[in-house]
Amino acid sequence: MVINSSHVIPGCIYWEFRNYFEEIEKQKNKFASRLLQIFGGIMMKRVILIFALCLLQTFGASTSEAKDNKVFKVGISVWTGYPDSVRGFKESMTAGGLIEGKNIEYIFGQSGIDKNKQRQIVESFKKAKVDLVYSLTTPGTVIAKEIMPPITPIVFSIVSYPADSGLIDSFEFSGNNLVGTSNYVEFKNYVKLLKTMLPNAKKLAIFHRKGEPNSKIQAANIIRLLKKEGIDTIDMEPRTVDEMHRLAIDVADKVDVFMTTTDTLCQGGGESALIKVSREKKIPILSSNKNGIAEGSTFGPVADFYTLGKISGQMAVKILKEKIKPYEIESQLQDPPLILINKKSIKSIGIKVPEGKLPNMMYLE
């Protein structure tokens, strides 16, 4: 409002103090202008802030949608096969929301015990920049660890001694990009089962591939424990299936029982060769392998590859979806093991199962 002579202020006073009133009017206009600037600035800042929040919300939604739409690549290296392990692994992945053909792609490789081919398979995983590797067996996983970048998670299974073989520091803390499940069965379970099923056994031949670290450890420990029980052992170290068959024939008349280990030779045809000799010579087989018992070996405490595969798959889901580091997850084994008995084999050889002494037992036809 402009102050002038028409206001209630008397004209004489107005003209006397005109300059003073005009100065007040100027200051008032400046104040009003400043208020407008401040208010306008605040409004502009609010508009900018609201706009920025909208952008963030849109970007966040887009990012979230992009994450939801991510297709993970997982390399599966099976060494010699193990379909039950792969089936269990995939089932856990599916249960965890990682569905093949939707948000996960599997790249499959089988080396057939050929280390050079295994290197080629793992190199192909590296080239494809897979998000995770599922590796089976000790030798296969050793190669995967050597070749894959240390930032790529490796989940293993069917590795009997992951710490002793240098793959991880310990079951509790791997110390690297590896974690997984072991098919290790405590040695005392073999000795207990042997004494329960064959209390009069005095001599055993144990078979394991020459130069394979996990089965060499198993054989050495079994021999030590059996010695404490007064049972002698013959340590057989074939390199091939044919050699294993030949050695079994040579030693059949000198022992009361054969024993297999959890190595790639026994699991890759060697135990089948041993079963043929077992049937001919009526020699029972204390087996370390579920498939061997299903095929005709007599009995054994085993880790179920399907169960181990499921546990490994659960680990992979945590790594891929929850962004948990492998070294933040503990490696596992199946405890207690399952006691499997082949019904046809014990009947053919004439072995009776003691009642009530094997509660965790299952017959295979």
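For the sequence shown, the positions run 0 to 364 when numbering that gives the first Met the number 0 is used.
Note that CB positions come from ideal geometry on N, CA and C, so glycine has one too.
**Request:** Verify whether the separation of the beta carbon atoms of Gly174 and Phe155 is less than 8 Å.
**Result:** One thing to note: Gly174 has its Cβ no nearer than 8 Å to the Cβ of Phe155.
**When Lys125, Ile157, Thr79 are compared against Ser287, the one with the closest alpha-carbon** = Ile157
**Request:** Taking 8 Å as the cut-off, decide whether the C-beta atoms of Leu307 and Leu339 are in contact.
**Result:** Taking a C-beta distance under 8 Å as the contact criterion, Leu307 and Leu339 do not qualify as a contact pair.
**Asked** CA-CA distance, Ser311 and Met92?
**Response** 9 Å
**Request:** Using only alpha-carbon positions, find the residue among Thr151, Gly95, Arg223, Val141 that is nearest to Val73.
**Result:** Thr151
**Prompt:** Smallest Cα separation from Lys187: which of Val301, Ile153, Lys202, Ile328?
**Reply:** Val301
**Item:** Helix, strand or coil at Asn176 [DSSP, three-state]
**Value:** coil
**Asked** In chain order, what residues of the same chain have a beta carbon less than 7 Å from the beta carbon of Val316, not counting five sequence neighbours either side?
**Response** Excluding sequence neighbours, Val316 sits near Ser91, Met92, Gly95, Leu97.
**Request:** Quick one: grab the DSSP three-state call for Asn170.
**Result:** This sequence places Phe at residue 170; Asn is not what is there. Coil.
**Message:** Which residue marks the beginning of the alpha helix (DSSP H) containing Val141, and which one marks its end?
**Reply:** 137-146
**Prompt:** Does the stretch 214-226 come close enough to the stretch 239-254 that 3 or more CB-CB pairs lie under 8 Å?
**Reply:** no
**Message:** Is the beta carbon of Phe206 closer than 8 Å to that of Phe257?
**Reply:** yes
**Message:** Between Ala200 and Asp255, how many whole angstroms is the CB-CB distance? I'm expecting something under 8 Å.
**Reply:** 4 Å
**Asked** Using a Cβ-Cβ cut-off of 8 Å (strictly less than) and excluding sequence neighbours within five positions of Asn359, which residues of its own chain qualify?
**Response** Pro335, Pro336, Leu337, Ile338
**Prompt:** DSSP three-state call for Thr79: helix, strand or coil?
**Reply:** coil
**Asked** Nearest to Ile146 by alpha carbon, out of Gln119, Ser159, Ser169, Met235?
**Response** Gln119
**Request:** Could you spell out the range, first to last residue, of the alpha helix (DSSP H) harbouring Lys356?
**Result:** Here Lys356 belongs to no alpha helix (DSSP H), and DSSP marks it neither H nor E.
**Of the listed residues Thr239, Tyr305, Glu354, Gln331, nearest to Arg86 (C-alpha basis)** = Tyr305
**Asked** Apart from the five residues just before and just after Ile142, which ones in its own chain have a Cβ nearer than 8 Å to its Cβ?
**Response** Lys114, Gln117, Arg118, Val121
**Item:** Start-to-end residues for the beta strand (DSSP E) that takes in Tyr326
**Value:** Membership of Tyr326 in any beta strand (DSSP E) is not indicated, and neither H nor E is assigned to it by DSSP.
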